[in-house]
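*Asks:* Once you've had a glance at the structure underneath, I'll fire off some questions.
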Amino acid sequence: MIKLYELCLKDVCEAYHLTQIEVNIISFLHNNPGKDTAGDISEIRMLPKGNVSQGVEALIQKSLLYRTPDKKDRRYIHLSLTSEASPLIKELEKARGRFLEQIFAGFSPEECRQYMILNERIINNTIIGLERKQP
Numbered sequence: 001m002i003k004l005y006e007l008c009l010k011d012v013c014e015a016y017h018l019t020q021i022e023v024n025i026i027s028f029l030h031n032n033p034g035k036d037t038a039g040d041i042s043e044i045r046m047l048p049k050g051n052v053s054q055g056v057e058a059l060i061q062k063s064l065l066y067r068t069p070d071k072k073d074r075r076y077i078h079l080s081l082t083s084e085a086s087p088l089i090k091e092l093e094k095a096r097g098r099f100l101e102q103i104f105a106g107f108s109p110e111e112c113r114q115y116m117i118l119n120e121r122i123i124n125n126t127i128i129g130l131e132r133k134q135p
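Set out below in structure tokens:
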């Protein structure tokens with residue numbers, strides 16, 4: 001499924017001269033308000049910190065991201081999308097829509113709802129398991 005999603009994003013990556021990790025960072029920041037540090041991205045997406053750091057630097061150089069130091073704790077740097085990222089985000093949403101159309105082809109609306117409910121439960125169980133650090 002991940003390979004199909006990456007394939008759906010390939011044209012966007014090429015059009016905007018972005019790597020897959022850079023697109024993942026932009027997508028993450030857009031879809032996860034309040035989770036806006038490189039550490040958040042690395043932890044939640046399970047991406048190597050070095051790759052996230054390089055991607056963040058590249059996106060800052062491309063004027064798609066900017067950094068803001070945390071007012072209470074200097075160790076935290078918050079990342080925000082710039083207005084220049086807006087057209088890209090629209091293209092990413094279109095690509096995501098195409099991906100969802102493909103993976104849910106032939107599913108009834110009820111089957112899609114059922115999937116979403118079950119998937120949410122699986123995600124919650126995964127989060128609880130990780131918090132307990134049990135296999």
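Here the UniProt record's numbering is used: the first residue of the sequence shown is 1, the next is one more, and so on.
Just so it is clear, CB atoms sit at the ideal spot from N, CA and C, and this is done for glycine as well.
Return the chain-ordered ranges of every beta strand (DSSP E) run that is complete within the region 18 to 88 and spans a minimum of 3 residues.
*Replies:* Counting whole runs of 3 or more residues, the region 18 to 88 contains the beta strand (DSSP E) stretches 65 to 69 and 77 to 81.
*Asks:* Taking residue 41 and residue 26 to be in contact with their CB atoms under 8 Å, please state how far apart those CB atoms are, rounded to whole angstroms.
*Replies:* Within the sequence shown, numbered from 1, the residue matching residue 41 stands at position 41. Within the sequence shown, numbered from 1, the residue matching residue 26 stands at position 26. With 8 Å as the limit, residue 41 and residue 26 do not qualify as a contact, their Cβ atoms being about 10 Å apart.
*Asks:* Considering only residues of the same chain and omitting the five flanking positions on each side of residue 104, which have a CB-CB separation below 6 Å?
*Replies:* Mapped onto the sequence shown, residue 104 falls at position 104. Excluding residues within five positions, the ones whose Cβ falls inside 6 Å are 112.
*Asks:* When we look at the beta-carbon of residue 28 and count the other beta-carbons within 10 Å, is it buried (16 or more) or exposed?
*Replies:* Taking the first residue of the sequence shown as position 1, residue 28 is located at position 28. So residue 28 counts as buried.
*Asks:* Assuming residue 22 contacts residue 59 (C-beta within less than 8 Å), just tell me the rounded distance between them.
*Replies:* Along the sequence shown, one-based indexing puts residue 22 at 22. Along the sequence shown, one-based indexing puts residue 59 at 59. Rounded, the Cβ-Cβ distance is 6 Å, consistent with contact.
*Asks:* Would you mind sorting residue 34 into buried or exposed? The rule is 16 or more other CB atoms within 10 Å of its CB.
*Replies:* On the sequence shown, position 34 is the one that residue 34 refers to. Flag for residue 34 reads exposed.
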